[in-house]
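Structure first, then comments.
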Amino acid sequence: MKYRTIILASLFILGFSDNTKAQIEPSAKEMESYYRWYVLAECIYIGFDKDKVFEKDITFSVLNDITEYVRLTSHGRKLDSLVKIKIQSIPPSQIEDYQKKKAIILESMRYYDSEELKRQVQEILKSPRVPIKLK
């Protein structure tokens, strides 16, 4: 009887821990959303003074926690590359009143919502997620 109770308790604990892990690990669809959010946040961070934004906003830290520090993986490098390309491609306004400033947030939101980014993120998610060695 004692062994039966121990075996049942062990099976219950193992089943609970497997169920908990399944709930914590995001699905591919959720990761796609998180990666797109990461790109949007990074566009804003890169487009403006990163330190000043970080001083007032924790979004980037929260996204790093949710994605298990995507920044430290090959996926993060690919996402950061997309951000760099996007920020560099935003043209300055041709309207004189805007003094050649860029619509960084507007263009970042458009990119976040684009089929192009959805496709790019899906391709990234298909690739292996390799940790990056820090020097």
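Per my numbering, the sequence shown starts with residue 195, numbered consecutively.
Virtual Cβ for every residue (Gly too), placed ideally from N, Cα, C.
Everything numeric in this text was worked out from a predicted model, so none of it was measured.
Alpha carbon of residue i to alpha carbon of residue j, nearest angstrom
{"i": "His269", "j": "Pro322", "result": "8 Å"}
{"i": "Leu328", "j": "Glu310", "result": "31 Å"}
{"i": "Lys215", "j": "Glu249", "result": "Confidence at Lys215 is low in this model, with a pLDDT of 46, below 50, so its placement is unreliable and no value can be given for it."}
{"i": "Asp251", "j": "Gln293", "result": "27 Å"}
{"i": "Arg271", "j": "Glu317", "result": "14 Å"}
{"i": "Tyr239", "j": "Arg313", "result": "23 Å"}
{"i": "Val247", "j": "Val233", "result": "15 Å"}
{"i": "Thr267", "j": "Thr253", "result": "19 Å"}
{"i": "Phe242", "j": "Val277", "result": "13 Å"}
Element boundaries [alpha helix (DSSP H), containing residue i]
{"i": "Phe248", "result": "244 to 250"}
{"i": "Ile260", "result": "253 to 260"}
{"i": "Ile284", "result": "Taken as a continuous stretch (DSSP letters only), Ile284 belongs to no alpha helix (DSSP H), as it is neither H nor E."}
{"i": "Ala222", "result": "222 to 241"}
Exposure label - residue i; buried when at least 16 CB within 10 Å
{"i": "Ser283", "result": "exposed"}
{"i": "Ile281", "result": "buried"}
{"i": "Ile299", "result": "exposed"}
{"i": "Ser302", "result": "buried"}
{"i": "Val264", "result": "buried"}
{"i": "Glu290", "result": "exposed"}
As assigned by DSSP and simplified to three states, the class of residue i
{"i": "Pro322", "result": "coil"}
{"i": "Lys294", "result": "coil"}
Check: residue i C-beta below 7 Å from any heavy atom of the ligand ATP
{"i": "Lys244", "result": "Absence of the ligand ATP is noted for the structure shown, with no ligands found whatsoever."}
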